[in-house]
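Chain order of the listed sequences is A and B.
Its first residue numbered 1, the first sequence is counted upward by one per residue in full-length UniProt numbering.
Its first residue numbered 1, the second sequence is counted upward by one per residue in full-length UniProt numbering.
Comments concern the structure below.
2 protein chains.
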Amino acid sequence: MQSVVPFHSGHAGLKQLLGGKGANLAEMTNAGLPVPPGFTITTDVCRSYYEAGMQLPAGLMEQVHQAMRELEQAKSQGFGDPAKPLLVSVRSGSVTSMPGMMDTILNLGLNDETVQGLAALTGNPRFAFDCYRRLIQMFGNVVFDIETYQFERLLHRLKQRFNVSQDSEVSAEGWTELIGEYKAVIRKEAGREFPQQVEEQLALAVEAVFRSWNNARAKVYRKVHQIPDEQGTAVNIQTMVFGNMGSDCGTGVVFTRNPSIGEPVLYGEYLMNAQGEDVVAGVRTPVPIAKLGEEMPLVFDQLVRTAEKLERHYTDMQDIEFTVEQGKLYLLQTRDGKRTAQAAVKIAVDLVREGVIDTGEAVNRIEPFHLDQLLHRAIDTDKPLHVLAAGLPASPGAASGVAVFDADTAEAWARAGRKVILVRSETTPEDIHGVLAAEGVLTSRGGMTSHAAVVARGMGKPCVCGCEALRLTDRAFAVTTADGEAVTVREGDALSIDGATGRVILGEVSLREPELTGELQQLLAWADEIRTLEVYTNADTPEDAAKARSFGAEGIGLCRTEHMFMSAERVPVVQAMILAETAEERAEALAKLLPMQQEDFEGIFRAMDGLPVTIRLLDPPLHEFLPNMEQLVVERERLNGQPDAEPERKERLEKLLRKVRALHEMNPMLGTRGCRLGLVLPDIYEMQIEAVFRAVLSCLREQLDVRPDIMIPLVGHANELQRMRELVTRKAEEVLGEFARTFRYRVGTMIEVPRAAVTAGDIAQHADFFSFGTNDLTQMTFGYSRDDAEGKFLTHYVETKLLPDNPFQVLDRDGVGTLIEWAVERGRAVKPQLKTGICGEHGGDKQSIFFCHGVGLDYVSCSPYRVPLARIAAAQAQLALGKPDARETAAEEPVTSGRSA
Amino acid sequence: MQSVVPFHSGHAGLKQLLGGKGANLAEMTNAGLPVPPGFTITTDVCRSYYEAGMQLPAGLMEQVHQAMRELEQAKSQGFGDPAKPLLVSVRSGSVTSMPGMMDTILNLGLNDETVQGLAALTGNPRFAFDCYRRLIQMFGNVVFDIETYQFERLLHRLKQRFNVSQDSEVSAEGWTELIGEYKAVIRKEAGREFPQQVEEQLALAVEAVFRSWNNARAKVYRKVHQIPDEQGTAVNIQTMVFGNMGSDCGTGVVFTRNPSIGEPVLYGEYLMNAQGEDVVAGVRTPVPIAKLGEEMPLVFDQLVRTAEKLERHYTDMQDIEFTVEQGKLYLLQTRDGKRTAQAAVKIAVDLVREGVIDTGEAVNRIEPFHLDQLLHRAIDTDKPLHVLAAGLPASPGAASGVAVFDADTAEAWARAGRKVILVRSETTPEDIHGVLAAEGVLTSRGGMTSHAAVVARGMGKPCVCGCEALRLTDRAFAVTTADGEAVTVREGDALSIDGATGRVILGEVSLREPELTGELQQLLAWADEIRTLEVYTNADTPEDAAKARSFGAEGIGLCRTEHMFMSAERVPVVQAMILAETAEERAEALAKLLPMQQEDFEGIFRAMDGLPVTIRLLDPPLHEFLPNMEQLVVERERLNGQPDAEPERKERLEKLLRKVRALHEMNPMLGTRGCRLGLVLPDIYEMQIEAVFRAVLSCLREQLDVRPDIMIPLVGHANELQRMRELVTRKAEEVLGEFARTFRYRVGTMIEVPRAAVTAGDIAQHADFFSFGTNDLTQMTFGYSRDDAEGKFLTHYVETKLLPDNPFQVLDRDGVGTLIEWAVERGRAVKPQLKTGICGEHGGDKQSIFFCHGVGLDYVSCSPYRVPLARIAAAQAQLALGKPDARETAAEEPVTSGRSA
């Protein structure tokens, strides 16, 4: 068995044997890059170690010593040689990255003699003794299992004695004193002396690293990340290099391209005669990397060439740590560099143009989630922010303005040309004109699906919800920041919110406008060539529809008709409809709403000419359009206290209160909504369907290509859909007249109630399409009300790893996903041409899009701003998973007059 | 093709050919019973009729005339003979009973001449002309499709002219006049005369009955009941007999046993010289049947013997209609008699003892649902009731007392020895002492799962909920009855409720006490011999447990620990626990609750010595234990209006309001309940588990056989159960000490969240048992909140046949049932010894019990009073379905220390 593999003998393909770090160091070494020499003890040895009951295999240390001789030759140093001491690091290196879980020892090879040699050699005794005390502490901790605290408290006392606050202020004498104390700790706790024999140091360190594979935190980490216990860790032994041995030494970090904007120029900084930690500590100011060309032209040239070589080798922008020791360049680490979304897009496109990667790889390089940064206004992050509190990030984008505390003021001030942020405890439909007028919305109550959040997302306005730290009064709020500062924000004070993070910020902040660069458009075009999954959008207005189409949407997957009920001038009509006490009164209000809805639909059909438009009939319970009961009760108590209040006012209030009470539900999520409302009070749905077909008729006369898909919400039983379908067919025939025979449309349903998924075979008999409403399906499958879960038990669940993810963000494959797979299978068994898609918020999430591609859905639908990222993710899914299970493609042509089902 | 089958040629086995009625008449005829002779035109003819485009087959009427000749001979009468006219009835008779859906014509054979003959023969012209006008009306309606209204309005005018109000007051002259008018209607509407030819009457009538197979209401009925359209109807032609032709005639109804108490004595009444309708109309008072022995001893003897014969023949108590025509007994109908639950039990047991049926058949004869009548107090139904309104039948049983409108008064008056009915808009935990003191509870708001309903059912108190017709004020309610009567009930007025029907009744009513007779015990013992499904009970107190055990419960399937939090003296401690602002304050309150819960568990363990007790940890959200927010808001407004109110009072209110707000949930059903609460605030569950094991320890020391199964509610993800199981194991080891090694208990979960059913394979890895909580599982699978569905859209759904049943009453096989089957299958695949049961209210429903038996569950659990009916239904399921799918029997022995999972 080859237990020890020098870096020059390995390569990246040996990750299982050498671990990730060992394989990568080998890869770089063999690419001819200047890596400090070293070798890897394989993961096989780790397994043998445990199989033998935690005994190093016979003959291992002989192989290690042999490998050490090679290192000595390569560095012209001697392990344990006081004159030119060779120092090494001993690090774990598992197959799957387990950052920080296992142990590392640096500076191995120092003892009472070699430390003197290092001091002489570097001319820096302070440095040498610092290295030594670090070795003793790390060794004591890792090998002898002594708590770090035992060492740290001695260091703390030493600094008090020397009256200094920073480690860097401790003198060589101080370290020498501490080394004596550290040795005493080892003696007391381990019952033996710190080993002066460097070979003994090495053997003990290797064994300790193997032992750390089974420490408590590594075991937990493996369990959580499902890493097999038998994988084992490798041990990497590498010679140490120092950038602080003189004026021909230095250290730095470079990116091969600008990580902020993507420009293809070497980017980074360095320090002469310094160690890596000095760069980080900020004691000295690092110098831009270009300066190195003047100070050490040869080294700089070598660095430039090395960077290019590394980028070609790894085919991506690299983040490189280097050290120059006595004029010689060493690479300590290289990895794919972190970058902004903007840079990621530019770099990927540039790499294709440079012939380094192909278009598929370029698409794969983009993290779809990061595109969000590019498609909303964002806070210019270079400026410092005065963060007051954080709420729920309910609708992305940032906004600045002055605080106002009611909708009327918001509207008045906005009309006067001021930018306002509307602050409310929660919003109701009566606040809509204020939301419309505001730059953004901030509420102290309510969750991600609260009225404010839903409306704001619908309008594409930034919104922060449920910021419970705010103590709201009539015209101000008070808040205590995380730092304990008490702040009061009054009407007219400048305020900003960041809907992407939930931050509430005092004062105005500068904002960055979103841009859809040429590079991004190029990347999206490549993605479109690759993907098979269609990308639709959720849009309720002609404006949103047009915007989404400009972002590449291929249809509307969800047009929520209730949002059309919520605009300022319509709310009174909707309320009149709800408060109607006779069928006639209701009919009168509905007759007023009909032309309004018709106009909405016409606008949307025009914007989506030639593309499908999925219209969902009214979904929320009626009380959402009425004021909240608590307010009314308070108002009544107040009115009762005023003997001179007009009786009509009281009467109106009593009527409203009666209706609100009658419509009050214990669990509105599970109450009279969706098609239940449509079946109990069919006149509302009749009006909506009539408006759709009137709009169709009007658009047909304009020679538009109209493709309506009528979607019935909240179906749980096939009978519900069957009866609603009959209603649609009847209305279509009534309204369309002669067109009814030839005009094509689909009738389908949301699958959002678990029972609908379970009985999908029955339901498919009456459906032309299924659209999985994964928000509600997740709520009911888990039994979680999103409003009551997020920020409460669900947050606890995700934090304590009870759940791998928030299922409202990442689709739950095992539960909700199983129901979707089952429903698709049963539905297609009954109707092979059934069109299937998803229209919950998961439609814009990468993992969920992968799932949708995998189960063979026809489309995903997401908010307009997420359409670009969905296009990328859909292409990535195709690249990763290939074509979904072979099956017939959904009918491209909709059915005639809804009768095919 | 034999198109016509005389009664004497058929038998009960020919139902497909002769229809139900025809086959039954044939069966009776061939049993030698005196049935008026007749014959059946087969369902084949009906099919031929439709296949030929609605034409009677050639030759049919010849066969009919031939059969009519036989009837003439048998009766010595002539069809159309003015001297001794033969009259017949023509009735439909489908294979599957479709009551009232198709048409019937009586008295066929009357015309202007034969009516005179009938008048002479009976000596009763009034009767003869009444028969004739009825024929013309029925004939006009059925054959010529003339609306009944056209005839009824003429009858109405006639009565006005004659100044009489009852049909029976119309004279022969009146009828003669009306006959003329009716004929004119026929002439005008049908364009022809009423046919005087009796053969023509017959042919038209036969065709009309066939035509009625496809009338609108019959088609709808078939669709709803899934009766095939091609089944067709038969036509029965039977000679008419009259009990009013003289003093040697009569008519009556008898039951072969007393249908009220089951006594094996002929029971019924009759009238001499009368027709069936006279008995019903109450113009003359019928005479008890025994009297017939004196008036017509021969006929009576024949009737007694016939009754016995019929009972033996049909092996069940019969309800027999008979007519005596000129000294001759005729049977017009026999059918299994309706009976009270008490009679049903006695008759079934008696029939076994008499050797008529076997024990399995006796068990099958009991409708389990009816047993409910026997096990609660019921209103003595002979007394007339003054019903004010109806609410939801929330907890069965009836109660009488005086109305009180708050819990304190209820308690005070009850202590003073008065029986009280507590009337509230809805109840809160603070009303518990009032509920405890009251005979029954009535609320104007809230559904079947409201606080009042849950608490009342738990205590076995009658309860009517959500009676929205009541207009409640402080110390009274007003109500307008269905008759439009306005009634006000004030504190102290006598009031009764019927929790089985939801009726609210003014005044006191007499009540019948429940009894568990020797016959019922015998029947239950037979059921126990047959059934394989175990029957557990839902019980939260030692008293309920003991009662259920006396009813035959074999374990507790659901012990709800939250009900233990709701007793009067505990609510303040529970509230203190919830309002605690520090961990110490909460710990203090929990420490007070611990001995209380321990005592509860000890009592239950003692009552169930040797039987399993399934203890569910706290399930409802915490705000259920606090006052309702609306009340608090009103109270605050009031306090704010009182400048001199004590500041402490305000402060306490504000604190309470803050907490209620913090705990307020949009959809509490889907919020922080069950194990979510247990995971976020583990100290509550720790206290409960500690109380369980302390009780175990104390019972073990008493040498009791304690068998606790600890049930974790609302698990949706395997990780939740895994973590809770760890907590149980840890607590068991802490508390049990040396017993921990050997003491056996189970840890399992409710399957009540759809995700739990879908991922049952994962969850089973940590579970010793699954208990399907079908209430919540139904709510979440359908997306119905029971509180918001019943009395609202769900009622509409059931009424309009969108759903076959209320899924909270009858388990939904297609949806919820599929999830249960899936979960059982996945769970057992992982753990073959997994114990499975059901603990929702479906555990007491017959259809649902059949389902549970069919999918192979180990037990059903239901409320104590339903245990007997579940025992019966479980036996019926075994008789109907046989042994469920072969599988390993669940482990009889629980696991050790919860570690086996």
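Every residue gets a Cβ at the ideal spot worked out from N, C-alpha and C, and that includes glycine.
Check                                                                                                                       : Outcome
Buried versus exposed, by CB contacts within 10 Å (16 or more), Gln201 of chain B                                           : buried
Cβ neighbour criterion (16 or more within 10 Å) applied to Tyr330 of chain A                                                : buried
Backbone CA spacing between Cys463 of chain B and Met666 of chain A [nearest angstrom]                                      : 20 Å
Whole-angstrom C-beta distance between Leu714 of chain B and Asp619 of chain B, which should lie under 8 Å                  : 7 Å
Cα-Cα separation between His853 of chain B and Asp493 of chain B, rounded to whole angstroms                                : 48 Å
C-beta neighbour in chain A for Leu842 of chain B, strict 8 Å                                                               : Sequence check: residue 842 of chain B is His here, not Leu. Chain A, which has no Cβ nearer than 8 Å to the Cβ of His842 of chain B, makes this no.
C-beta neighbour in chain B for Val634 of chain A, strict 8 Å                                                               : yes
Sub-8 Å separation of Gln575 of chain B and Leu617 of chain B beta-carbons                                                  : no
Interface flag, Gly854 of chain A vs chain B, CB-CB below 8 Å                                                               : no
Sequence-distant residues of the same chain with beta carbon closer than 7 Å to Ala83 of chain A, five excluded per side    : Gly117
C-beta atoms of residue 905 of chain B and Cys839 of chain B nearer than 8 Å                                                : For residue 905 of chain B there is no data in the structure shown, the boundaries of chain B being 1 and 901.
Environment of Thr749 of chain A [buried if 16+ CB atoms lie within 10 Å]                                                   : buried
Min CB distance Thr889 of chain B to chain A below 8 Å                                                                      : Confidence at Thr889 of chain B is low in this model, with a pLDDT of 46, below 50, so the placement of that residue should be treated as unreliable; the coordinate-derived value is given next. No - not a single Cβ of chain A is within 8 Å of the one on Thr889 of chain B.
Arg549 of chain A to Gly844 of chain A span [Cα, whole Å]                                                                   : 16 Å
Residues that DSSP places opposite Asp498 of chain B in a beta bridge                                                       : B:Ala398 and B:Arg503
Where residue 902 of chain A meets chain B, residues with beta-carbon distance less than 9 Å                                : Here chain A has residues from 1 to 901 only, and residue 902 of chain A is not among them.
Range of the contiguous alpha helix (DSSP H) that encloses Tyr132 of chain B                                                : Pro125 to Val142
Within 8 Å of chain A by C-beta, residues of the segment 758–789 of chain B in sequence order                               : Val758, Thr759, Asp762, Asp776, Gln779, Met780, Thr781, Phe782, Gly783, Tyr784, Ser785, Asp787, Asp788 and Ala789
Element boundaries [beta strand (DSSP E), containing Thr480 of chain A]                                                     : Ala476 to Thr480
DSSP-derived helix/strand/coil call for Ala389 of chain B                                                                   : strand
Cβ of Asn806 of chain B within 8 Å of any chain A Cβ                                                                        : no
Min CB distance Phe851 of chain A to chain B below 8 Å                                                                      : no
Spatial distance of Arg153 of chain B from Asn111 of chain B (CA atoms)                                                     : 23 Å
In chain order, each alpha helix (DSSP H) run of at least 4 residues that lies wholly inside the segment 264–316 of chain A : 276–281, 292–295 and 297–314
Contact with chain E by Lys219 of chain B, beta-carbon distance below 8 Å                                                   : Going by chain labels, chain E is absent from the structure shown, which instead holds the protein chains A and B.
Test: Ala717 of chain A CB closer than 8 Å to a CB of chain B                                                               : A small fix is needed here, since residue 717 of chain A is His in this sequence, not Ala. Yes, its Cβ sits closer than 8 Å to a Cβ of chain B.
Pick from A:Tyr182, A:Ala234, A:Ala119 and A:Arg161 that is closest to Lys15 of chain A, judged by C-alpha positions        : A:Ala234
DSSP-derived helix/strand/coil call for Thr122 of chain A                                                                   : helix
Residue closest to Thr742 of chain A, alpha-carbon to alpha-carbon, out of A:Gln765, A:Arg723 and A:Leu700                  : A:Leu700
Contact residues within the segment 617–633 of chain A, judged by C-beta distance below 8 Å to chain B                      : Met629, Glu630 and Val633
Three-state secondary structure assigned by DSSP to Ala83 of chain A                                                        : coil
Beta-bridge pairing of Asp319 of chain A - partner residues as DSSP gives them                                              : A:Phe255 and A:Arg335
Beta strand (DSSP E) segment containing Pro612 of chain A, residue limits                                                   : Pro612 to Arg616
Closest Cα partner of Asn215 of chain B within the set B:Glu354, B:Leu697 and B:Gly232                                      : B:Gly232
Met750 of chain B - containing beta strand (DSSP E), residue span                                                           : Arg746 to Ile751
CB contact check: Phe477 of chain B to chain A, cutoff 8 Å                                                                  : no
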